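Input: a single structure, listed below in structure tokens.
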Amino acid sequence: MSWIKQMHDDSFRLTRNEFIEKHGERNVDIFDTNMMERLESELSPSIRTMEAEFYTDDNKLIQGVKNK
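Under the working numbering, the first residue of the sequence shown is numbered 16, with each subsequent residue one higher.
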């Protein structure tokens with residue numbers, strides 16, 4: 016396994032301090048970048064998720080109007 020791939024994999028399974036101990040302070044940007052990407056993907060709903068929720072809520076409103 017290449018050392019770059021190893022650092023990438025370690026950034027997902029190690030803490031930041033463990034990563035620095037293993038790969039050095041000069042490579043911590045790899046950890047930080049991967050952490051930022053993970054947080055962004057967790058916090059930002061995908062457009063498909065948002066569309067599904069919108070249409071579901073819209074259909075509930077339509078059904079509520081039809082039932083009255």
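Cβ coordinates follow ideal geometry from the N, Cα and C atoms, glycine included.
These numbers were taken from a predicted model, which means no experiment stands behind them.
Checklist entry - How long is the line joining the alpha carbons of L54 and R31, rounded to whole angstroms? => result 14 angstroms
Item to check | Span of the alpha helix (DSSP H), counted from its first residue to its last, around T57 | outcome: One point to set straight first is that residue 57 is Glu, not Thr, in the sequence displayed. V43 to L58 is the extent of the alpha helix (DSSP H) around E57.
Checklist entry - Under the three-state reduction of DSSP, which class applies to S17: helix, strand or coil? => result coil
Checklist entry - Between the C-alpha atoms of R41 and I35, what's the straight-line distance to the nearest angstrom? => result Rounded to whole angstroms, the gap between the alpha carbons of R41 and I35 is 8 angstroms.
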